[in-house]
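Asks:
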Amino acid sequence: MLKYFFAVVLFYNSHIIAQEYLKLFRQHIPENILTDEVLSKSLDLNLKRNAELNPELIYLTLKYYQQYDGSKFDTKLFEILKSNERVWLSARTQWAKNTIEKLIATENHEIIRNAEPELNKLVIVVRSKEDDKLVDLTIAEKQLRDFYIVMFYNNDSKMKFDENTDYSYVRSQIESDKKRYFAEVKENPELLTSPAEIVNNVTDNWYLLLDDKNIEASDLLINSISDVILDKSRKKYSVFIGGVFVNTTINFEESITFPGIDYIVNMNKYTSLPQFSLGVGYKLYFDKKSFFLSYVDIQGYYSKGYSEERGEESVVYNNTVISGSFTTQELIRNFDDEFKLSSLNSYGLKLSLPIFENSFLRIEGGFNFSYNSYIYTPNMHFTYAKYRTEYGSNGQPIFRETLALGTQTITDEIKKEYFAFIPSLDVSIKIDSRFGVKMIAGYNYAALNIFYNTALFF
15 MLKYFFAVVL
25 FYNSHIIAQE
35 YLKLFRQHIP
45 ENILTDEVLS
55 KSLDLNLKRN
65 AELNPELIYL
75 TLKYYQQYDG
85 SKFDTKLFEI
95 LKSNERVWLS
105 ARTQWAKNTI
115 EKLIATENHE
125 IIRNAEPELN
135 KLVIVVRSKE
145 DDKLVDLTIA
155 EKQLRDFYIV
165 MFYNNDSKMK
175 FDENTDYSYV
185 RSQIESDKKR
195 YFAEVKENPE
205 LLTSPAEIVN
215 NVTDNWYLLL
225 DDKNIEASDL
235 LINSISDVIL
245 DKSRKKYSVF
255 IGGVFVNTTI
265 NFEESITFPG
275 IDYIVNMNKY
285 TSLPQFSLGV
295 GYKLYFDKKS
305 FFLSYVDIQG
315 YYSKGYSEER
325 GEESVVYNNT
335 VISGSFTTQE
345 LIRNFDDEFK
355 LSSLNSYGLK
365 LSLPIFENSF
375 LRIEGGFNFS
385 YNSYIYTPNM
395 HFTYAKYRTE
405 YGSNGQPIFR
415 ETLALGTQTI
425 TDEIKKEYFA
435 FIPSLDVSIK
445 IDSRFGVKMI
455 AGYNYAALNI
465 FYNTALFF
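Count the sequence shown with the numbering used here and you get residues 15 to 472, in order.
Structure follows, in structure tokens:
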């Protein structure tokens, strides 16, 4: 229960929706700000930005807007606010850089891939001033500052200020609970549901870890993003659907023979039949330190043809062989010469190995093994004949016999089967962490798939 409670507390309060900040602190915002569309929007944006930077800035942000007299702001308060913002921005940037540097030093691809992008979002170039420093607050100001922070942590807009309550103590208790959460997941990463949970909590609450000697951010991330939690979060399973636009693996061959005829009609045609395709995949991980060749994606698929290819095979064959006083003549001709190839069905196994990846692109090398079948449907009508003629010394025929004579009609469908091996280069464009589009290209193959990846845990 502790895991779920603290996870909800951290995530819920660190991601208050835009426009909710005005509602949260409404009772502490002057009416002349609330009724001014431009100023109210400005305050909401500043509250959101500064609360996410460090909740201690909520007090100075509200105080600055509370001093608005209807025509101008207090420029001194503005300089104090901006000076404090620069101090915290600089501190966060340096903290993020140091943390990234330590994560990169691990040379662990999975840890770096999961944590570095979010940490990089905290790195902002700030032009600090020599006199930048955190403002000194009186005891009463600190009490009000911590009251606002407790409101923010609890997301409680109805909370009333009570001068008899030690809000610094209440704040410290909430922050101690958050730190306890960090300590627990560091010791037992299995409490986490995904690397994103700990990464987001660390980046959202960076200021709690800034000077904490017991919980160092990089150690926390390295320990928490363990093999167990990585295995939970990896998008190992996938489903995909798409189309095969080029598949020239079909090498159609057919031989037609005729009774008593030596000649054989050999038909040959290379062609491509488009297909619809669907399948499932499973990634087997075996190296977490680098992306290159870190897994094998095993995919099974079925592709069904939705088109046909028509062809013609015109045959006019006339051949005479002379042997002594005899000549032998073979004649073959077709009057109907059409055929079609259709219904290309493929059952395949594909193995893909990773080559390169960044935030939106992934490149893999693929090896595709498939069993394929298609239907050959002829519509052909042949006449054939074979004659032997004997000639006399004067060159005139003296005897002729018919060795073969007839017609042959071929209309029966024939199922053709073959196996194919197709190497390919696969380029995936990520739409988000789960959805994407994959383009597959080989020397005789081209396809486009839409895929969905999932860990099946959440």
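Virtual Cβ for every residue (Gly too), placed ideally from N, Cα, C.
When we look at the beta-carbon of F340 and count the other beta-carbons within 10 Å, is it buried (16 or more) or exposed?
Replies: Translated into the one-based positions of the sequence shown, residue 340 becomes position 326. The residue in question, F340, is exposed, as its Cβ has fewer than 16 Cβ neighbours within 10 Å.
Asks: Out of F383, I443 and E404, state which residue places its alpha-carbon closest to the alpha-carbon of Y459.
Replies: As a first step, residue 459 must be located in the sequence shown, where it is residue number 445. Nearest option by C-alpha distance: F383.
Asks: Give a yes or no on contact between the region 81–100 and the region 139–156, applying the rule of three or more CB pairs nearer than 8 Å.
Replies: yes
Asks: According to DSSP, simplified to helix, strand and coil, what is R402?
Replies: As a working note, residue 402 is residue 388 in the sequence shown. R402: strand per DSSP, three-state reduction.
Asks: Excluding five sequence neighbours on each side, which residues of the same chain lie with their C-beta closer than 8 Å to the C-beta of L136?
Replies: Taking the sequence shown and counting its residues from 1, the one referred to as residue 136 is at position 122. Excluding positions up to five away in sequence, the list reads R106, T107, W109, A110, T217 and W220.
Asks: Extract the residue ranges of the beta strand (DSSP E) inside the region 313–383, only unbroken runs of 3 or more that lie entirely within it.
Replies: Correct list: 322–326, 330–337 and 340–371.
Asks: Select from I126, I312 and D350 the residue whose C-alpha is nearest the C-alpha of S328.
Replies: Position 314 of the sequence shown holds residue 328. For S328, the closest C-alpha among the options I126, I312 and D350 is that of D350.
Asks: When you compare only the Cα positions, how much space is there between V441 and E130?
Replies: Counting from one through the sequence shown, the residue named residue 441 turns up at place 427. Counting from one through the sequence shown, the residue named residue 130 turns up at place 116. Going by the C-alpha atoms only, they are around 23 Å apart.
Asks: Beta-carbon of R248 versus every beta-carbon of chain C: anything under 8 Å?
Replies: The structure shown contains no chain C; it is built from a single protein chain.
Asks: Leaving out the 5 sequence neighbours to the left and right, which residues in its chain are closer than 7 Å to P392 when beta-carbon positions are compared?
Replies: As a working mapping, residue 392 is identified with position 378 in the sequence shown. Excluding sequence neighbours, P392 sits near F353, I424 and T425.
Asks: Name the DSSP beta bridge partners of H395, please?
Replies: For the purposes of this step, residue 395 is taken as residue 381 along the sequence shown, with counting starting at 1. Partner(s): D350 and T423.
Asks: What residue range is occupied by the uninterrupted alpha helix (DSSP H) comprising T179?
Replies: Here residue 179 refers to the residue found at position 165 of the sequence shown. Careful: T179 lies outside any alpha helix (DSSP H) and carries neither H nor E.
Asks: Counting pairs of Cβ atoms below 8 Å between the region 284–297 and the region 309–320, do you hit three or more?
Replies: yes
Asks: Would you check if the region 86–93 and the region 40–57 touch, i.e. whether three or more CB-CB distances between them fall below 8 Å?
Replies: no
Asks: Can you give me the Cβ contacts of F226 inside the same chain, cut-off strictly under 8 Å, excluding the 5 residues immediately before and after it?
Replies: Numbered from its first residue, the sequence shown carries residue 226 at position 212. Checking the displayed sequence, the identity of residue 226 turns out to be Asp instead of Phe. So the list reads K193, once near-sequence residues are dropped.
Asks: Thinking just about the alpha-carbon of each residue, which of T285, V213 and L375 is nearest to the one in T263?
Replies: Translated into positions along the sequence shown, residue 263 becomes position 249. Minimum Cα distance to T263 is reached at T285.
Asks: Classify I445 as helix, strand or coil using the three-state DSSP reduction.
Replies: Residue 445 sits at position 431 when you count from the first residue of the sequence shown. In this structure, I445 counts as coil in the three-state DSSP scheme.
Asks: Specify the secondary structure class of S85 as computed by DSSP and reduced to three states.
Replies: Working through the sequence shown from its first residue, we reach residue 85 at position 71. DSSP places S85 in coil when its eight states are reduced to three.
Asks: Measure the Cβ-Cβ separation of I412 and G406 and say whether it is below 8 Å.
Replies: What you label residue 412 is simply residue 398 of the sequence shown in a count that begins at 1. What you label residue 406 is simply residue 392 of the sequence shown in a count that begins at 1. Contact: yes.
Asks: Can you tell me whether I454 is buried or exposed? The criterion is at least 16 other CB atoms within 10 Å of its CB, across all chains shown.
Replies: Residue mapping note: residue 454 aligns to position 440 of the sequence shown, counting from 1. With 16 or more Cβ atoms within 10 Å of its Cβ, I454 is classed as buried.
Asks: At what residues does the beta strand (DSSP E) containing N219 begin and finish?
Replies: Position 205 of the sequence shown holds residue 219. Per DSSP, N219 belongs to no beta strand (DSSP E) and is neither H nor E.
Asks: DSSP three-state label for V137, please.
Replies: Position 123 of the sequence shown, counted from the start, is the residue given in the question as residue 137. Note: V137 maps to coil in three-state DSSP.
Asks: Comparing alpha-carbon positions, which option in L375, E155 and N359 lies nearest I389?
Replies: If you number the sequence shown from 1, residue 389 lands on position 375. Looking only at L375, E155 and N359, the smallest Cα-Cα distance to I389 is reached by N359.
Asks: Below 8 Å on the Cβ atoms is my contact criterion, and I expect L235 with I229 to pass it. Report the Cβ-Cβ distance as a whole number of Å.
Replies: The count along the sequence shown starts at 1 and reaches residue 235 at position 221. The count along the sequence shown starts at 1 and reaches residue 229 at position 215. Taking the Cβ atoms as the reference, L235 lies roughly 11 Å from I229, outside the contact range of under 8 Å.
Asks: Looking at the unbroken alpha helix (DSSP H) that takes in M165, where does it start and where does it end?
Replies: Position 151 of the sequence shown, counted from the first residue, corresponds to residue 165. Looking at the DSSP string, the run of the alpha helix (DSSP H) that includes M165 is I153 to N168.
Asks: Check whether the Cβ atoms of L71 and S54 lie closer than 8 Å to each other.
Replies: Position 57 of the sequence shown, counted from the first residue, corresponds to residue 71. Position 40 of the sequence shown, counted from the first residue, corresponds to residue 54. Contact annotation: L71 and S54 have beta-carbon atoms that are not nearer than 8 Å.
Asks: So I47 is in the alpha helix (DSSP H); what residue range does that whole segment cover?
Replies: Along the sequence shown, one-based indexing puts residue 47 at 33. Per DSSP, I47 belongs to the alpha helix (DSSP H) from E45 to L48.
Asks: Rounded to the nearest angstrom, how far is the Cβ of N68 from that of T75, given a contact under 8 Å?
Replies: One-based indexing of the sequence shown puts residue 68 at position 54. One-based indexing of the sequence shown puts residue 75 at position 61. Between T75 and N68 the Cβ distance is about 11 Å, and since that is not below 8 Å, they are no contact.
Asks: Which residue wins for smallest C-alpha separation from D208, given the options G362, I188 and I239?
Replies: Against the sequence shown, residue 208 aligns to sequence position 194. The identity of residue 208 in the sequence shown is Ser, whereas the question assumes Asp. The option with the nearest alpha carbon to S208 is I239.
Asks: Should the region 169–177 be regarded as contacting the region 119–128, the criterion being three or more beta carbon pairs within less than 8 Å?
Replies: no
Asks: Whole angstroms is fine: what's the gap from L38's alpha carbon to D233's?
Replies: For the purposes of this step, residue 38 is taken as residue 24 along the sequence shown, with counting starting at 1. For the purposes of this step, residue 233 is taken as residue 219 along the sequence shown, with counting starting at 1. Going from the Cα of L38 to the Cα of D233 covers about 35 Å.
Asks: Taking the CB atoms as reference points, tell me whether G456 and S438 lie closer together than 8 Å.
Replies: Along the sequence shown, read from residue 1 onward, the residue named residue 456 stands at position 442. Along the sequence shown, read from residue 1 onward, the residue named residue 438 stands at position 424. Taking 8 Å as the Cβ cut-off, G456 and S438 qualify as a contacting pair.
Asks: What are the residues that DSSP puts in a beta bridge with P437?
Replies: Numbered from its first residue, the sequence shown carries residue 437 at position 423. Paired residues: F381.
Asks: With distance defined between alpha-carbon atoms, name the residue in M394, R100 and I153 nearest to D180.
Replies: Taking the sequence shown and counting its residues from 1, one reaches residue 180 at position 166. Considering only alpha carbons, the answer is I153.
Asks: Cβ atoms of L103 and V140: under 8 Å apart, would you say?
Replies: Taking the sequence shown and counting its residues from 1, one reaches residue 140 at position 126. Taking the sequence shown and counting its residues from 1, one reaches residue 103 at position 89. Yes; because the gap between Cβ atoms is below 8 Å, this pair is in contact.
Asks: Considering only residues of the same chain and omitting the five flanking positions on each side of F161, which have a CB-CB separation below 6 Å?
Replies: Within the sequence shown, the letter at position 147 stands for residue 161. Once the five neighbours on either side are set aside, the close Cβ partners of F161 are F175 and Y181.
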